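A.B. asks: The structure under discussion is supplied below as structure tokens; questions concerning it will follow.
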Amino acid sequence: MTAKLSVPIIKNRTQDRLFRVLSDVMARPSGAIGLSLVVFHLVLVVISPFIVPFDYREISALLMLKGPSFEHWFGNDHLGRDIFSRTLLGGREAILVTGIATPIAVLWGSFIGIFFGLVGGRIDEFSMRIVDAFLSLPWILKMLVLIVTFGTGIGVLIPTLAFFYGIPVIRIARAATHDVVARDFISAAKARGHGRISIIRHELLPNVLDTLMVEGAMRWSWMLLAFSSLSFLGFGASPPTPDWGLMIADARGFMSFAPWGVLAPVVFLSSLIIGINLTADALAKALGIDRIQKAPV
Amino acid sequence: MNLDNKPLIEICDLSIGFSNLEKLVLPILRNIDLTIKAGETVGLVGESGSGKSTLALAMMGYLGNPLKVLSGSTSFRHQSTFDLSMRELEQIRGGQLALIPQNAGQALTPTQRIGRQISEALKLHSKVNDADRPARVIDLLTQVRLPDPEILVNRYPHELSGGQQQRVAIAMALAGEPNALLLDEPTTGLDVTTQAHVLELLRDLAHETGTAMVYVSHDLGAIARVCDRVVVMYAGEIVLDGSVRQVLLKPVHPYARSLLASIPKLREASLPAALDGRPPAPGDVGNGCAFAARCAMAEDRCTNERPILQITKSGERVRCHLYEKVEQLAAPGPGTAVERSPLSQAPEVLALDNVAISYTSRGLFDQILGRQPSDTPTVDDVSLVIRKGETIALVGESGSGKSTILKAIAGLIPTRNGKITYNGNELLKASIDQRDKNQLRRIQLIFQNPDDSLNPRQTVAQILAQPLRLYFGLSNQELHDRSVDILERVRLGSHYLERLPSQLSGGEKQRVAVARAFIAEPELVLCDEVTSALDVSVQAAVLELLNRLQREFGTTYIFVSHDLAVVRALADRVALLYQGRLCEIGPVADVYSLPSHPYTEVLLGAVLEPHPDSVPVLSADDIVELSPMPIGCPFQRRCPRRLGEICDTQIPPWQQVSSEHLIRCHISHSDLQKIQAEQLS
Amino acid sequence: MLSMLLRRLSLGLITVILVSIIIFTGVEFLPGDACTAFLEREAQGKLLENCRQDLNLNRPAIDRYIDWASSAMVGDLGLSVNGQQSIAELVGNRMNNSLLLAFCALLVGVPLAIFFGVITALWRDKPIDLFFSTAAIFAMTIPEFVSSTVLILVFSVWLGWLPGIVLTSANASAAEFFPEIILPVIVVAMVMTAHILRMVRTSVIDVLASDYVRMATLKGVPYWQIVFHHVLPNALLPAINVVALTIAWLLGGVVVIEVVFNYPGLGRMMIDSISDRDLPVVQAIALILATVYVSINLTADLLTMIANPRLRTLHMRK
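Residue numbers (the numbering used here), protein chains in the order written: chain A, 69 to 365; chain X, 62 to 742; chain L, 295 to 612.
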């Protein structure tokens with residue numbers, strides 16, 4: 069006699085799960101706000117070139133440091149350029165660079181981390197020493213050395229960011245792998261004779277993916293922070309590219325009497341980063357993962 | 062015993078529940094009426110989901126986070142517990158009403174020394190002044206029979222063994238000289254012998270101090286030993302309340318009867334009767350009796366009308382419309398006998414020859430410094446021959462190496478010495494990478510904890526597909542057909558294919574694990590404590606399943622367990638292990654009767670039967686084995702029959718008691734027979 | 295216990311050696327060398343030759359590494375690329391300034407973080423928690439140059455209470471940095487406090503849900519006694535590690551803040567020497583910061599070992 073059902077049948081296919089997680093995230097206030105902000109900025113990246121009222125490069129001696137007006141909603145910067153247009157476009161390079169570098173960082177970091185997590189033993193111990201050594205150097209030092217030597221083009225920024233921000237992912241992926249590997253279903257798969265690749269693919273990854281997804285989101289926000297800091301210091305986006313970090317750096321000197329040059333990019337930049345963080349937070353709660361924040365790296 | 066007749070704890074019509082996401086109220090406890098008098102020892106029995114722990118904690122006025130009181134009240138010494146202020150509750154808890162928790166290791170604060178934690182209880186709940194407190198702590202530790210209390214006082218919880226931690230928890234509870242003790246499964250997770258010692262202690266304490274006890278457990282053996290009265294719970298209700306003799310010998314509620322019938326007995330070589338189905342989830346009970354869906358005697362009235370607690374002629378309370386009919390039934394008899402065919406002619410399936418296994422491995426530092434791992438292996442000198450179609454059990458307590466041996470056979474751990482031969486001539490290589498797929502297919506492993514052995518992210522269909530793809534290269538339609546077939550054999554419908562493990566009960570998950578093993582068409586199945594994590598009635602169903610599959614497919618089992626009664630029900634032969642060395646091996650009936658290896662004797666003596674008259678024999682002390690292992694007999698430090706120096710220096714020889722029965726001891730088996738027979742009379 | 299100590303020490307040493315190798319090889323692999331980088335367009339002919347002679351760049355890499363590493367161990371970090379200043383002196387000054395900033399920030403930040411971390415955990419989901427948790431998220435996610443800029447805008451430009459820029463010279467004494475140091479300290483402390491607060495909060499919440507806290511409740515221990523004797527000793531253990539990591543970050547990672555406020559610290563020097571292509575200085579700073587990081591981690595590990603009874607007695611059980 070078959071046991072009676074007291075649990076309703078739930079669809080468990082990947083698409084359904086994705087949908088459930090997404091709606092769970094949206095159900096939380098932090099998730100809703102965060103996701104909306106992120107989507108807003110992503111949409112902006114796509115449509116901004118088509119909706120900006122002015123050419124971001126257009127200089128005008130007459131309009132230098134003029135305040136907000138009917139024509140120029142956010143005012144003009146120290147070269148007379150329209151701040152509104154520049155602000156709308158200001159996230160494009162940052163999001164493009166970090167949007168490509170983040171997945172690369174997470175991918176290669178996870179790959180290495182999972183590998184070492186599974187291998188264990190001497191190789192693992194030794195490699196972690198190397199990872200630790202890398203982590204002991206201040207992030208800006210590492211990146212600046214490369215950037216100063218090879219230049220500030222996207223071709224340098226993307227690999228640099230991807231490389232250095234992938235290293236902490238190694239540690240996280242390794243820790244997550246350790247947690248899963250200790251469990252019986254991995255031993256069961258090993259005992260059956262599944263190959264290592266098969267175990268990683270079918271048994272390990274589905275269980276580690278959640279942690280990596282949340283970590284990926286956080287990585288993106290830290291990378292954006294790094295990119296805008298670099299731009300601010302003059303090592304990221306180069307003029308005349310409209311970039312929030314660069315804009316803030318330029319407008320800083322005139323802050324006392326022309327604060328609008330600083331406020332607009334501050335608001336846009338902060339809203340994006342906060343949006344990502346809120347989404348990551350809500351995602352972690354929806355997936356049921358505990359997160360302990362680490363010190364900024 | 063203090064026979065003060067005033068009720069100590071009074072629970073009136075208590076219902077406790079929680080609201081789920083859809084704002085529905087789901088009850089965990091329904092209309093509980095219970096009175097406990099001073100000095101009474103009451104057992105609260107039930108399986109998972111019965112609500113027994115919730116009830117015990119409610120007596121202290123404690124409700125877990127989402128729970129709230131739906132109706133009724135509970136009072137302690139005439140004060141309604143839930144109406145008390147926090148300060149008043151703090152005074153009672155730990156003082157007049159003390160809890161002994163389930164997992165003492167987790168329940169003691171890791172950053173405080175033992176002495177300090179007991180001192181804290183004394184300070185809060187006794188009148189002992191500061192100067193006298195240290196002495197009183199030592200007194201309490203002595204009262205719970207802990208050796209060297211002066212040293213223990215300065216230890217941290219993690220430095221103690223499980224049994225010692227439990228005794229500390231008891232001492233802490235006694236500090237306030239309580240009127241009543243609440244014990245929440247206090248011996249779960251302890252070794253058989255340790256458990257027996259702790260229970261004797263509790264029993265003696267109850268008699269000496271006259272403290273009332275509420276003993277929550279699913280283990281009827283433990284309750285039989287400690288309690289005078291038993292209350293059986295099912296689906297949040299009390300279904301039976303009587304003296305221990307009444308409930309254990311002649312239960313008048315169908316559930317209690319089934320429960321008792323599903324417990325394997327040490328002296329009966331038969332499979333206990335399984336109970337189909339599972340208890341209703343909170344909120345799913347409906348209007349009738351909660352047990353009606355699974356009751357063999359259920360009538361229409363049972364499904365439509367919820368029975369109330371009635372009082373029988375003998376003074377028991379029972380919640381059943383048909384209890385008078387149940388009274389007429391004979392006492393639950395033995396279960397189904399297991400057919401055993403003569404196996405000595407069967408071909409050899411697995412042979413272990415002088416196998417030694419070691420867990421220690423060298424880390425990076427040790428390699429740089431050139432240090433070798435310590436010499437004593439975890440398992441040593443194990444030789445066994447296993448024949449086709451038989452079920453051989455490996456029995457021992459923690460540290461016996463029984464699971465280690467299984468893992469080595471499966472190839473998960475390398476052997477340090479010796480060899481393992483399969484089917485007479487194939488050598489089983491130490492690591493899985495070196496074995497060919499066919500060998501791997503024919504040996505399958507089932508784990509203890511189904512929560513852990515099934516990938517939480519895979520559906521049942523995916524779980525079953527893994528071995529099918531790996532061994533047979535099947536795809537889609539064939540996969541589906543075979544999966545449905547095996548699910549049917551384990552009595553799960555095909556609708557289970559789309560489920561995730563989190564949507565299954567413990568028993569269902571273990572069935573899926575069994576299905577996964579059998580779908581590979583194995584010859585040898587290794588069972589690692591596969592029923593230890595399950596409720597008793599579910600265990601019976603899984604044992605029945607394993608037995609049936611063995612008859613259908615002629616599979617050989619190596620069955621690891623610490624439970625001697627389960628082994629009696631299922632196994633043909635049994636091998637006993639102590640600290641990784643074999644002590645005794647032979648057919649189960651022979652091993653369980655005289656003569657026995659002294660360790661077997663100790664184990665058998667410590668088994669708690671669910672019978673009020675059964676008295677355990679505690680011959681060995683409850684001490685923790687220190688490493689390194691001694692030379693000579695591994696049991697020398699605890700053996701009640703230790704001969705002398707010969708046990709300390711020489712490894713005991715194997716003695717043949719009969720063609721299949723061997724004992725490894727320095728005492729000759731005829732002498733053992735004599736001494737042990739004398740002891741029994 | 296001693297063996298664990300030695301083991302950790304040697305691991306730390308290995309890490310430092312590894313770092314020095316990474317730094318050295320990293321610099322080696324950059325196109326050109328210290329001289330071409332420094333001289334840039336003038337890097338040719340005699341000038342280049344002389345420069346290389348002065349800096350001993352013609353010897354094989356391994357020799358140079360050993361030279362550099364062994365002198366570094368005794369505190370001799372060599373000369374800057376223009377051959378004129380002792381790196382140790384230059385760095386020493388800046389190091390003191392960074393330490394001052396770090397010390398002030400720690401003094402302000404850590405107690406606040408721990409206090410509010412505990413409070414927000416004990417009053418979880420109440421208004422005080424929502425307020426501080428949200429504030430913490432903001433403090434963590436807003437880029438430092440943004441918060442610095444905003445604070446300067448508010449407190450220096452609009453309100454005029456505090457100076458917005460540091461004009462004191464690099465080798466001034468500590469007292470001379472006040473009141474200019476106040477805003478930088480606030481920014482640094484803000485970020486640091488936010489991280490530590492969140493971590494303490496999570497830790498306390500975890501411990502509050504543990505079996506032993508439940509047991510203490512059921513033992514009748516009054517709430518505040520549970521908090522101080524059972525919760526905090528366990529919840530604050532992980533805080534040691536986070537504080538350590540934060541200190542390490544404080545010395546090398548606050549570059550942006552130093553730039554915004556023009557504070558003469560190690561971070562500013564790092565950027566300046568990178569921009570100036572003064573590679574010996576860059577190498578030296580990298581080595582110092584890495585060594586500091588490793589030592590702080592080591593100290594944190596040791597403190598954790600002492601404070602955590604489980605680790606302390608690990609060797610005794612078997």
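Glycine included, each C-beta is placed from N, C-alpha and C at the ideal position. Note that the structure is a prediction, hence the values are computed from the model and not measured.
Are the C-beta atoms of Gln523 (chain X) and some chain L residue less than 8 Å apart?
C.D. replies: no
A.B. asks: Exposed or buried, what is Gln571 (chain X) when buried is set at 16 or more other beta-carbons lying within 10 Å of its beta-carbon?
C.D. replies: Classification for Gln571 (chain X): buried.
A.B. asks: Report the option in A:Phe303, A:Glu283, A:Gly313, A:Phe336 whose CA atom is closest to the CA atom of Ser296 (chain A).
C.D. replies: A:Gly313
A.B. asks: Among residues of its own chain, excluding the 5 on either side of Ile70 (chain X), which ones have a beta-carbon nearer than 6 Å to its beta-carbon?
C.D. replies: Ile97, Met120, Phe137
A.B. asks: Is there a C-beta anywhere in chain A that falls below 8 Å from the one on Phe137 (chain X)?
C.D. replies: no
A.B. asks: Less than 8 Å separating the beta-carbons of Arg197 (chain X) and Leu183 (chain X)?
C.D. replies: yes
A.B. asks: Relative to the alpha-carbon of Gly376 (chain X), which residue among X:Pro395, X:Gln406, X:Arg306, X:Glu645 has its alpha-carbon at the smallest distance?
C.D. replies: Of the listed residues, the one whose Cα sits closest to Gly376 (chain X) is X:Arg306.
A.B. asks: With a floor of 4 residues, list each alpha helix (DSSP H) that falls wholly inside the region 659-695 of chain X, ordered by position along the chain.
C.D. replies: 659-667
A.B. asks: Residue ranges of each alpha helix (DSSP H) run of no fewer than 4 residues wholly in the region 286-365 of chain X, ordered along the chain?
C.D. replies: Taking 4 residues as the shortest admissible run, the region 286-365 of chain X contains the following complete alpha helix (DSSP H) segments, listed from N- to C-terminal end: 305-310, 315-322, 361-365.
A.B. asks: Return the residues of the region 301-329 of chain A that lie within a Cβ-Cβ distance of less than 8 Å from chain L, sorted by chain order.
C.D. replies: Leu301, Gly313, Ile316, Ala317, Arg320, Met323, Ser324, Pro327
A.B. asks: Assign Asp414 (chain X) to one of two classes, buried (16 or more other C-beta atoms within 10 Å of its C-beta) or exposed (fewer than that).
C.D. replies: It counts as exposed.
A.B. asks: Tell me whether the beta-carbon of Val591 (chain X) lies closer than 8 Å to the beta-carbon of Leu558 (chain X).
C.D. replies: no
A.B. asks: Might you give, ordered along the chain, the residues of its own chain that have their beta carbon closer than 6 Å to the beta carbon of Leu150 (chain X), omitting 5 neighbours on each side?
C.D. replies: Excluding residues within five positions, the ones whose Cβ falls inside 6 Å are Gly122.
A.B. asks: So, does the CB of Trp288 (chain A) fall closer than 8 Å to a CB anywhere in chain L?
C.D. replies: no
A.B. asks: State the DSSP-derived secondary structure class of Arg477 (chain X), mapped to helix, strand or coil.
C.D. replies: strand
A.B. asks: Nearest by alpha-carbon distance to Leu112 (chain A): which of A:Phe152, A:Gly223, A:Leu272, A:Gly304 is it?
C.D. replies: Among A:Phe152, A:Gly223, A:Leu272, A:Gly304, the Cα nearest to that of Leu112 (chain A) belongs to A:Phe152.
A.B. asks: Report yes or no: do the region 249-261 of chain A and the region 209-216 of chain A share at least 3 C-beta pairs separated by less than 8 Å?
C.D. replies: The region 249-261 of chain A vs the region 209-216 of chain A: no contact.
A.B. asks: Can you tell me the Cβ-Cβ gap for Ile534 (chain L) and Ala594 (chain L), rounded? I've got them flagged as a contact below 8 Å.
C.D. replies: 5 Å
A.B. asks: Under 8 Å between C-beta atoms, does Ser195 (chain A) make it to chain L?
C.D. replies: no
A.B. asks: Would you mind sorting Pro97 (chain A) into buried or exposed? The rule is 16 or more other CB atoms within 10 Å of its CB.
C.D. replies: exposed
A.B. asks: Counting only the same chain and skipping the five closest in sequence on each side, list residues whose C-beta sits under 7 Å from that of Met610 (chain L).
C.D. replies: Any reading at Met610 (chain L) must be qualified, since the residue scores a pLDDT of 45, below 50, and its modelled position is unreliable; the value itself is stated next. Same-chain partners within the cutoff: there are none.
A.B. asks: Please go through the same chain and pick out, in chain order, the residues whose beta-carbon is closer than 7 Å to the beta-carbon of Ala580 (chain L), but skip the five residues on each side of it.
C.D. replies: Ile317
A.B. asks: By Cβ distance below 7 Å, which residues in the same chain neighbour Ala584 (chain L) in space, the five residues on each side in sequence not counted?
C.D. replies: In the same chain as Ala584 (chain L), and ignoring 5 residues on each side of it, the C-beta atoms closer than 7 Å to its own belong to Val310, Val313, in chain order.
A.B. asks: From Val548 (chain L) to Ile474 (chain X), what does the alpha carbon distance come to, in whole angstroms?
C.D. replies: Each residue's CA atom was taken as its position, placing Val548 (chain L) and Ile474 (chain X) some 49 Å apart.
A.B. asks: Buried or exposed for Pro558 (chain L), going by 16 or more other Cβ atoms inside 10 Å?
C.D. replies: buried
A.B. asks: Identify each residue in the region 243-261 of chain A for which the Cβ-Cβ distance to at least one residue of chain X is less than 8 Å, and report them in chain order.
C.D. replies: Against chain X - using a Cβ distance shorter than 8 Å - the residues of the region 243-261 of chain A are Arg251, Asp252, Phe253, Ser255, Ala256, Ala257, Lys258, Ala259, Arg260, Gly261.
A.B. asks: Could you tell me if Tyr517 (chain L) is buried or exposed, where buried requires 16 or more neighbouring beta carbons within 10 angstroms of its beta carbon?
C.D. replies: Counting C-beta atoms within 10 angstroms of its own C-beta, Tyr517 (chain L) has fewer than 16 neighbours from the protein chains shown and is therefore classed as exposed.
A.B. asks: Which residues bound the beta strand (DSSP E) around Thr102 (chain X)?
C.D. replies: 102-106
A.B. asks: Where Asp651 (chain X) and Ile447 (chain X) are concerned, what is the direct C-alpha to C-alpha distance, given to the nearest angstrom?
C.D. replies: 17 Å
A.B. asks: Applying the criterion that 16 or more other CB atoms from any shown protein chain within 10 Å of the CB defines a buried residue, is Glu298 (chain X) buried or exposed?
C.D. replies: buried
A.B. asks: Which chain L residues sit within Cβ distance under 9 Å of Ile153 (chain X)?
C.D. replies: Gly514
A.B. asks: So which of X:Val668, X:Ala636, X:Arg609 has the shortest CA-CA distance to Ala626 (chain X)?
C.D. replies: X:Val668
A.B. asks: Check distances from the C-beta atoms of the region 114-141 of chain X to those of chain A and list, in chain order, the residues that come in under 7 Å.
C.D. replies: none
A.B. asks: Note down the Cα distance separating Trp543 (chain L) from Gly343 (chain A), rounded to an integer number of angstroms.
C.D. replies: The C-alpha of Trp543 (chain L) lies about 25 Å from the C-alpha of Gly343 (chain A).
A.B. asks: Roughly how many angstroms lie between the CA atoms of Val676 (chain X) and Ala257 (chain X), to the nearest whole one?
C.D. replies: 10 Å
A.B. asks: Measuring only between beta-carbons, confirm whether Lys353 (chain A) sits less than 8 Å from chain L.
C.D. replies: no
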